[in-house]
Amino acid sequence: MKTSLMFTWILNLAVVLALPMQKRSSLKRNLRNTPTLVQCMDMQSFAGEYKFVADGSGSVCGLYLISLPEKLIELEFLDFNVDCEAGGLAALVDGWEMNGQFFPPPADHHLTLNQRYMTFCGQSKPRRVLVSSQNVLLIQNRIPVQGQGFTVKVKFIDNPQPCNAVSMFTQGVHTIKNYGQRRNCSVSIIYPEMVHLVSVDVGVTAKMNEVDSDLGLSDQCRDSRGNTDYVEVIGGNGFETDSSNRRELACGLTTGAERRGTPVACTNTVIRMVSSGEYFNTVTFVYTQPTEEDLMRDNGTC
């Protein structure tokens, strides 16, 4: 059943992003008592109540929820009616998924895919309040019976230690920290971008030792004990990218933006920090829309 709920990356993401922002989310509507009626493919970026009613076509639909990077999404079903015998199904994804690709990627998430992917059907609403592990959450559904559907209440709560995030903006400033933990953190920007590393402290500041001097950056990122800590800039046309599409790899300690930056001419730009847990790693980067000249400098694959 999971396979039937997968989406085609290019087509469906284009449909979601093509929705005007006022149609994707309306603060004024969400302040009302009545839930906002969402479309088959929809994106919402405000807290509130959302209602989906099936039109009887049996189409595979998705409600993409996104908050600011430093927030988590809390979701509660207020009502639920999806006929199991008619082949109806709703699936809650901790993260986003399209075309079988997940964000965050399976290797960079503390939960397994089975734990991140929960399916429901019937007339009883799921009772537990669900909280995402990052700033994105997805409700996939296929409901063949006209008039059936669900209503959810969405809240945004603080994330004390942000790690993975999706950005819905074309430009901004973001900081990734590992808080001294062994984990990989990624920021996925769903546009081509120009990325400037403004401040990097990766693989240098150990838990029991502070380093104040600017050591510069290097692409040789394995220490004497075999620990590998680094930040990389990757391009791709899906959520799950790999090192073959890497534009830049760096570790070390430095402040001050790179002069030229790193252009990524793909539909998805990822800044990923890999941490062994032996260091307090921090990366701050600026991302902006690339010029045509910038895009011409990107010789990498997508």
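According to mature numbering (1 follows the signal peptide of the UniProt record, and there is no 0), the sequence shown holds residues -18 to -1, 1 to 284 in order. Just so it is clear, CB atoms sit at the ideal spot from N, CA and C, and this is done for glycine as well.
Going by CA-CA distance only, name the one from Val268, Ser181, Leu50, Leu197 that's closest to Asn141.
Leu50
Would you report the Cα separation of Phe85 and Val155, rounded to the nearest angstrom?
20 angstroms
Determine the closest residue to Tyr161 out of Gly69, Cys103, Ile171, Val256, with distance taken between C-alpha atoms.
Val256
At a cut of 8 angstroms, does the stretch 36 to 44 reach the stretch 122 to 140 through at least three beta carbon pairs?
yes
If you check the beta carbons only, do Thr187 and Phe262 fall under 9 angstroms apart?
yes
Any idea what DSSP makes of Asn281, helix, strand or coil?
Secondary structure of Asn281 (DSSP, three-state): coil.
Given a cut-off of 9 angstroms, decide if Val177 and Pro108 are closer than it, judged by their beta-carbon atoms.
no
Please report how far the alpha carbon of Ser106 lies from the alpha carbon of Leu60, in whole angstroms.
10 angstroms
The beta strand (DSSP E) spanning Arg254 covers which residue range?
250 to 256
Taking just the CA atoms, how far does Val20 sit from Leu277?
36 angstroms
Does the distance from the C-beta atom of Tyr46 to that of Glu175 stay below 9 angstroms?
no
Beta bridge counterpart(s) of Asp24 as assigned by DSSP
Leu45
With a threshold of 16 other CB atoms inside 10 Å of the CB of Val252, please say whether the residue is buried or exposed.
Burial call: buried.
Thinking C-beta only, is Glu214 closer than 9 angstroms to Ser200?
no
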